[in-house]
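Enquirer: Could you have a look at this structure, given as structure tokens, before my questions?
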Amino acid sequence: MAGALLPSLAGPYDDDRPDVLSVAGRSCSLGGLRGAAGAVARRIAGAPAVAVRADASLETVVAVLGGLLAGVPVVPLPPDAGPAERKHILRDSGAALLLGGDSVEGVEGVPVDAGERVDWSRPEPAPDSTALILYTSGTTGAPKGALLPRAALAADLDALAEAWDWTADDTLVHGLPLFHVHGLVLGVLGALRVGSRLVHTGRPTPEAYAAAGGSLYFGVPTVWGRVAGNASAARELSGARLLVSGSAPLPAPVFRDLERLTGQRPVERYGMTETLITVSARAGGDRRPGCVGTPLHGIATRIAAEEGAGIGELQLTGPTLFSGYLGRPEATAASFTDDGWFRTGDIAAIDPDGTHRIVGRASTDLIKSGGYRIGAGEVENALLDHPAVQEAAVVGAPHDDLGQQIVAYVVADGVTERDLIDFVAGHLSAHKRPRRVVFLDALPRNAMGKPQKRLLPPV
Ligand code: MLC
Ligand code: AMP
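In this note's numbering, the protein residues as written are 102 to 560.
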């Protein structure tokens with residue numbers, strides 16, 4: 102890759118193009134963004150990595166951009182991360198500073214001032230250097246840090262711009278969290294790389310989307326389901342150029358309701374933290390419910406270990422892949438086949454015309470709730486940390502609004518459902534909390550003593 106990851110940040114900070122970006126009601130000019138990010142870059146230059154308390158704010162954007170300017174890997178920390186999750190992410194990543202947060206776990210907190218102005222004009226860091234370390238859940242254990250190189254981000258954003266005809270004339274609107282690929286990489290870095298205006302609505306509510314007047318909208322299926330459930334808000338999106346859904350399967354009824362209310366078919370795309378977005382419907386192409394389109398420029402896909410009729414695990418290669426899990430060579434190696442293809446763990450089918458359909462996941466221990474990826478094992482471990490809990494089994498149960506909701510089955514004494522929900526929300530983060538807790542006398546087990554999740558009673 103030649104050139105800067107974010108060319109728009111490379112100019113002077115006296116550029117006064119207003120309102121290039123607005124987050125939760127606060128706007129910033131392009132020059133303001135350059136100057137404030139420059140101030141962060143000067144402060145953190147040379148650090149091995151910096152964490153950013155990634156709430157939906159202008160300061161989060163400034164802090165992330167500061168890290169990218171300085172070539173310091175950025176570790177977004179969910180703003181509501183409880184002590185266990187926060188400690189793990191800060192320790193595991195080796196972050197030297199916490200931007201926008203108080204000092205914690207021996208990591209010095211550094212305030213971020215979106216009003217500061219410093220001219221930063223250093224050479225662009227190497228394309229293979231790590232831009233972001235994104236913590237993401239596996240089926241068991243604590244989240245792993247996925248290392249995302251600058252070149253992967255650039256390749257993905259360029260491929261998406263091509264697929265969606267995304268240009269500097271667009272205004273992108275979304276209100277997604279700024280600590281995952283969807284909201285941060287696509288939703289912030291994408292707008293800055295393409296040069297389009299960005300309106301981040303703070304929260305992804307139908308009312309906020311309706312009021313924002315964008316041309317390009319991003320949402321997870323839960324957000325689109327809520328928009329489709331609010332006819333007057335949905336109709337306000339009729340003038341948009343493209344409604345894009347991703348991070349979880351978009352239910353066909355939501356697809357059809359959006360088409361009926363807005364007059365346009367949503368574009369669905371598929372991706373993962375480890376691979377970025379790899380498959381998408383095209384702005385100028387066919388958009389069908391249940392279909393995530395065709396591979397993006399540079400991506401090759403294949404279906405492996407066929408389960409009959411062309412269905413099996415989706416594997417892929419290409420320039421958008423991560424460079425591994427931080428400090429976890431075995432987990433990194435296990436996520437690739439012997440011939441170097443990334444194993445997504447998603448079960449897919451490829452139609453004769455090349456259209457991809459995601460039909461499920463290989464493991465039921467990875468849950469998608471509201472578009473968040475949550476490992477059953479991580480929630481089970483948190484529950485087992487509660488002194489009243491003897492056994493725990495966590496599953497994702499179908500849910501109309503969230504896609505899946507987290508349900509915990511526990512063997513426990515002297516504790517209520519609310520106690521355990523709040524315990525997990527407080528230890529990990531709010532979106533990892535079970536929405537339902539079912540108390541059992543014992544977990545169903547097989548002859549070997551292994552818990553049998555498929556024998557758990559439905560809620
Ligand atoms: C409720 N809350 C609690 C609580 N109960 N807090 C502490 N303890 C409890 N027991 C609080 C929450 O903190 C939050 O506060 C508020 O209640 C509402 O929380 P919620 O009920 O969890 O929100 P909900 O409405 O369910 O959220 C839906 C949603 C959200 C769609 C807005 O799920 C969301 O933002 N999803 C996006 C996920 C995403 O971006 N995934 C992309 C992954 S990248 P407060 O103060 O916050 O209101 C990826 C790659 C790709 O997948 O392909 O894109
Ligand atoms: P994450 O690492 O949070 O990005 O989660 C990645 C997972 O989200 C993938 O492995 C899929 O299971 C799921 N996912 C993302 N986009 C889609 C989509 N359009 N349809 C179905 N599943 C999706």
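By construction, the Cβ of each residue, glycine as well, lies at the ideal position given by its N, Cα and C atoms.
Quick check on the DSSP output: the beta strand (DSSP E) that includes F319 runs from which residue to which?
Expert: 317-320 is the span of the beta strand (DSSP E), which, as asked, contains F319.
Enquirer: Start and end of the alpha helix (DSSP H) containing R361?
Expert: It spans 353-363 - the alpha helix (DSSP H) in which R361 sits, taken as one unbroken run.
Enquirer: Would you say the region 183-192 touches the region 526-538, given that touching needs at least three Cβ pairs under 8 Å?
Expert: Output reads yes: the region 526-538 touches the region 183-192.
Enquirer: Which partner residues of D447 appear in the DSSP bridge assignment?
Expert: According to DSSP, which records beta bridges pairwise, D447 is partnered with R462.
Enquirer: Closer than 6 Å to a non-hydrogen atom of the ligand AMP - does that hold for the CB of T374?
Expert: Under cutoff, so the answer is yes.
Enquirer: Enumerated in chain order, which unbroken segments of the beta strand (DSSP E) with a length of 3 residues or greater are wholly contained in the region 256-339?
Expert: Correct list: 272-275, 298-301, 317-320.
Enquirer: Put V490 into one of helix, strand or coil per three-state DSSP.
Expert: The answer is strand: DSSP assigns V490 an E or B state.
Enquirer: Decide if the region 364-371 is in contact with the region 383-403; the criterion is three or more beta carbon pairs, one per stretch, under 8 Å apart.
Expert: Because the criterion of three Cβ pairs below 8 Å is met, the region 364-371 and the region 383-403 touch.
Enquirer: Tell me whether the region 153-165 and the region 280-291 touch, counting them as touching only if at least three CB pairs, one residue from each stretch, are closer than 8 Å.
Expert: Output reads yes: the region 280-291 touches the region 153-165.
Enquirer: Between S297, R519, V208, A243, which lies nearest to L258 when the distance is taken from Cα to Cα?
Expert: Comparing Cα positions, the closest option is S297.
Enquirer: Looking only at its chain, what residues have a beta carbon closer than 7 Å to the beta carbon of L417, apart from the 5 residues adjacent to it on each side?
Expert: Contacts found: T376, T379, I400, A401, T402, W442, F443, T445.
Enquirer: Measuring straight from C-alpha to C-alpha, what distance separates V163 and A353?
Expert: When rounded, the distance between both Cα atoms is 38 Å.
Enquirer: Does any heavy atom of the ligand AMP sit closer than 6 Å to the C-beta of P350?
Expert: Yes, since a heavy atom of the ligand AMP falls inside the 6 Å radius drawn around the Cβ of P350.
Enquirer: DSSP three-state label for R474, please.
Expert: Looking at R474 - three-state DSSP - the assignment turns out to be strand.
Enquirer: Could you tell me if G168 is buried or exposed, where buried requires 16 or more neighbouring beta carbons within 10 angstroms of its beta carbon?
Expert: Classification of G168: buried, given that the 10 Å Cβ count is 16 or more.
Enquirer: Which same chain residues end up closer than 6 Å to D358 when comparing Cβ atoms and leaving out the 5 residues on each side of it in sequence?
Expert: Excluding sequence neighbours, D358 sits near A329.
Enquirer: First and last residue of the alpha helix (DSSP H) that includes G210?
Expert: Element bounds for G210: not the alpha helix (DSSP H) but the beta strand (DSSP E), 209-211.
Enquirer: Look at the alpha carbon of S123 and the alpha carbon of S470, and state the distance between them as a whole number of angstroms.
Expert: Those two C-alpha atoms are separated by around 27 Å.
Enquirer: Nearest by alpha-carbon distance to L561: which of V393, M549, I522 is it?
Expert: There is simply no residue 561 to check, as the chain begins at 102 and stops at 560 in what is shown.
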